[in-house]
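K.L.:
For the protein sequence lines, the chains are A and B, in the order given.
Under this note's numbering, the letters of the first sequence match residues 129 to 543, in that order.
Under this note's numbering, the letters of the second sequence match residues 461 to 670, in that order.
The beta carbon of each residue, even a glycine, is placed where N, CA and C say it ideally should be.
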Amino acid sequence: MSTLDYHSEAVKQGIERLKLLGKYSELLMQNYYGAELDEAQAGARVVNQLLEANIVWRPDEESGLKLTGPVREMIVHLIADEQRRKVNAEVGEFLLNIRLLVGKINDAEHKGNYQHSTYLQAQLSQEVDDLNSRIATGIDSLWNRLHTDFAFVSTVQEKIHENEKAHSEVLRWLDGLQLIDFKELIAFAGSNGGLRHVLVRQLQGQVSVHFSSLREVQKRLNELMARFRQQQARNLLVRGMLQFFQQKPNFQPSDYAQRSHVVDLVNQAAALLPSASIALDRHQDKHAMQQLLVQLPARHQPRADLPSAAQPLAWQEDETILAKRRALHEDVVSFYLSVLDQQQSQSALAYLADAQLHWDPEIWLYQVIAEYQGLASSDKAAFRLQYDEQAAGVFNQVLLIADVQLQLLSEGVGA
Amino acid sequence: MMMQYSHLLEQLLAGGFICEVTDSQGFRHLQDEEQRAALDQYLRPLNRRLASNPEGTVWFLAWRELTADLREQLSQQFKETLDSLIPMLKLLQLTQETLGHENVLTANDIINRHDLAARIENNPSLREQLQALVQTRFFQSQSEDVAGQLKQVFDRLRSHGYLHQPHKDRHHYVVTGKIDYLIDLTRFIREEENIYIDEDVPPSQEDLLA
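Spelled out as structure tokens, the structure:
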């Protein structure tokens, strides 16, 4: 600093020009906000001074004077906080306070007043927490309104309005969060580890969480808005159609099912009731079937000692059994007739074999004997049954009939 | 996979409407395009295919190829639906008014039958509206009292698939996605027949009472 030459031309010129800025500040700020610089009113001398100082310039012959780039940029920086406050008061205020605190902290550390610096850092940390909780509260309030579907207002129209309001709130927060420039904060923190932790690591994490919650809120608001609009349309439709039907009680729409293209809404296939039974032949289902069987409720066993009357025995002969029996009877009659025809005795089994009948020999013999027993006594006299029998064993005297011979008694039936 | 969704298929084949309320699992299954293609493949020999309302909130089966006979059946069915349309719209208005809802009933809304009955009971105008409603062919009830009439109305709504009763012994009913289908059909008729509805006038109390 001491090496700076206060009397050098450059320093003198700088001071001159800064004074110029101060002297015509009002004029310049008006120009900054788009007002034309009235050269006649300002006077040629002033205009020349400003042009010379490179504070204003003339883009082309016809146009008026404009602030030069560097001056415009400087003003932008000087009034940045106000701009931020316009976008989002909470974030704008926060950034302003942070800058002031960082300045004070650096100052205190520069003076070696570490106690004060620690105190200020705690204050800064408090600021960060404050901002966080304000954003979080804002988001919470938005969620609350979302969760209750804006129940605090009654009509859909009002809900749509509230939704729009909430939506602009979200946008305001999103714009606010975008104001937080982490490059700037990194620069603020400089080499101070504590500041870096609070301003960069902690805040960055929180801001990114807020960003994603706000995006989610925004998405949900849009969905809800779509639903509100849909509900509004539905209400209108139901009300309007009922009014219409009331005015035109005999209204009949056209038959949409007979059109070349039938919309799905009127194309509803007839109902079909599928039924299924267990496939007993599917081996792989055996286990499942067993399980089903096990699960069947046990059948109630009638108690054996309960007095019960026997049902009258109803003997229902199966048609096929009856037919078989008749055939057997007829075959046996044929055997008797054959003996009569041939006028000589014959073995029942031999006849069975000769006639190629398929009866079981035992049944056959039984029927031949039964037929003989069943003959009228006059007819019985014409025949004689000769049993061909053997003892069952050496020690068993039971006689087993091996065959029967049907013999003709000539004196019985006169030829 | 088919095994797992045989219930869904049966429901669809039986003429059921599948929405998130009636069968959330089945409905989720139907959100998958591949699974829908598989079901359609299966339904092909039955001359049926999956269909939904425009928003896809409710699914049902439609004929794949239409013959004269099937068109006749559809005409008949449409006529029946039309017969139920006005009573259904009136019912929607009645419940909306009774419950003091801002909106007409939509899928997922829960209605307590007892609560509804009590509110109608206490209001002569609502009682009259219900009385008129149960005299329509769609709802017809012989009952003299509000509770009995409402029970008949709810039974009809349930059997037509507009309401789902999660617990047989409780009086809570959930509105199903089939109501979306009915609304969409109403909207379709309105558009097809160029029916004019004055959209600028917000629904007022007088209109609701008209």
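Among the candidates B:L586, B:L559, B:D658, B:L552, whose CA atom is the shortest distance from the CA of I639 (chain B)?
P.N.:
B:L552
K.L.:
Taking the alpha-carbon positions, what's the E255 (chain A) to R173 (chain A) distance?
P.N.:
Computed Cα separation, rounded: 50 Å.
K.L.:
So does the segment 548-565 of chain B actually touch the segment 273-292 of chain A, counting three or more Cβ pairs closer than 8 Å?
P.N.:
yes
K.L.:
Taking the alpha-carbon of A522 (chain B) as reference, which of A:Q396, A:N524, A:D459 has the nearest alpha-carbon?
P.N.:
From the listed residues A:Q396, A:N524, A:D459, the smallest Cα separation to A522 (chain B) is found for A:Q396.
K.L.:
On a CA-only basis, which of B:T636, B:L530, B:L545 is nearest R367 (chain A)? Give me that one, please.
P.N.:
B:L545
K.L.:
Please report how far the alpha carbon of T517 (chain B) lies from the alpha carbon of G637 (chain B), in whole angstroms.
P.N.:
6 Å
K.L.:
Could you say which of A:A530, A:N216, A:S261, A:V199 lies nearest to L299 (chain A) if we only look at CA atoms?
P.N.:
A:N216
K.L.:
Closest Cβ-Cβ distance between D409 (chain A) and chain B: below 9 Å?
P.N.:
Chain B contact via Cβ: absent.
K.L.:
Could you work out which residue in B:L510, B:L506, B:T596 is closest to E493 (chain B) when comparing CA atoms only?
P.N.:
B:L510
K.L.:
State the Cα-Cα distance for the pair A509 (chain A) and A455 (chain A), rounded to the nearest angstrom.
P.N.:
Going by the C-alpha atoms only, they are around 25 Å apart.
K.L.:
Determine the closest residue to Y464 (chain A) out of A:V532, A:V391, A:R212, A:M417, with distance taken between C-alpha atoms.
P.N.:
A:V532
K.L.:
With 16 as the cutoff for other CB atoms within 10 Å, does S601 (chain B) come out buried or exposed?
P.N.:
buried
K.L.:
Beta-carbon of S382 (chain A) versus every beta-carbon of chain C: anything under 9 Å?
P.N.:
In summary, chain C is missing from the structure at hand, where the protein chains are A and B.
K.L.:
Of the choices A:Q418, A:K147, A:F511, whose alpha-carbon is the least far from that of I497 (chain A)?
P.N.:
Nearest to I497 (chain A) by C-alpha distance, out of A:Q418, A:K147, A:F511, is A:F511.
K.L.:
Quick one, are the C-beta atoms of L645 (chain B) and L393 (chain A) less than 9 Å apart?
P.N.:
yes
K.L.:
Does the contact criterion of 3 or more C-beta pairs under 8 Å hold for the segment 265-276 of chain A versus the segment 221-239 of chain A?
P.N.:
The answer is no - the segment 221-239 of chain A does not touch the segment 265-276 of chain A, with fewer than three Cβ pairs under 8 Å.
K.L.:
For N572 (chain B) and N582 (chain B), I'd like the C-alpha separation in whole angstroms.
P.N.:
16 Å
K.L.:
Inspect the beta-carbon positions of L250 (chain A) and Y242 (chain A) and report whether they are closer than 9 Å.
P.N.:
A small correction: the amino acid at residue 250 (chain A) is Ala; Leu does not occupy that position in the sequence shown. The answer is no: Cβ separation not under 9 Å.
K.L.:
Taking the alpha carbon of E201 (chain A) as the point to measure from, which residue in A:M157, A:D258, A:Q330 has its own alpha carbon closest?
P.N.:
A:M157
K.L.:
Is it right to say M369 (chain A) is buried, meaning 16 or more other beta carbons lie within 10 angstroms of its own, or is it exposed?
P.N.:
Result: buried.
K.L.:
Quick test of your reading: H295 (chain A) and L349 (chain A), contact by CB under 8 Å. State the CB separation rounded to the nearest angstrom.
P.N.:
5 Å
K.L.:
Please list the partners that G368 (chain A) has in chain B, where partner means a Cβ-to-Cβ separation under 9 Å.
P.N.:
R650, I655, Y656, I657, D658, E659
K.L.:
Is the number of C-beta pairs between the segment 298-312 of chain A and the segment 205-220 of chain A that are closer than 8 Å three or more?
P.N.:
yes
K.L.:
What are the boundary residues of the alpha helix (DSSP H) that includes E480 (chain B)?
P.N.:
From DSSP, E480 (chain B) is part of no alpha helix (DSSP H); its letter is neither H nor E.
K.L.:
Can you tell me the Cβ-Cβ gap for A567 (chain B) and V613 (chain B), rounded? I've got them flagged as a contact below 8 Å.
P.N.:
Wrong, their Cβ atoms sit about 19 Å apart, outside the cutoff.
K.L.:
Give me the Cα-Cα distance between N513 (chain B) and F477 (chain B), rounded to the nearest whole angstrom.
P.N.:
10 Å
K.L.:
Quick test of the definition: if touching needs 3 or more C-beta pairs under 8 Å, does the segment 163-181 of chain A touch the segment 144-155 of chain A?
P.N.:
yes
K.L.:
Is it the case that the Cβ atoms of A504 (chain A) and Q518 (chain A) are separated by a distance below 9 Å?
P.N.:
no
K.L.:
At a Cβ cut of 9 Å, what residues of the segment 528-559 of chain B count as close to chain A, listed as they run along the chain?
P.N.:
L530, R531, E532, Q533, L534, S535, Q536, Q537, F538, K539, T541, L542, L545, I546, L549, K550, L552, Q553, Q556
K.L.:
Let me check one thing: in DSSP terms, what residues is E499 (chain A) bridge-paired to?
P.N.:
None, per the DSSP bridge assignment.
K.L.:
Curious, which full-length beta strand (DSSP E) runs of at least 3 residues does the segment 598-649 of chain B contain?
P.N.:
632-635
K.L.:
Secondary structure at Q141 (chain A), three-state DSSP: helix, strand or coil?
P.N.:
helix
K.L.:
Identify the residues that DSSP records as bridge partners of D516 (chain A): which are they?
P.N.:
A:D531
K.L.:
According to DSSP, is H135 (chain A) helix, strand or coil?
P.N.:
coil
K.L.:
Checking the sheet assignment: what are the DSSP bridge partners for I571 (chain B)?
P.N.:
B:Y633
K.L.:
Got a sec? Which residues, its chain only, sit under 7 Å from Q470 (chain A) by beta carbon, not counting five neighbours each side?
P.N.:
none
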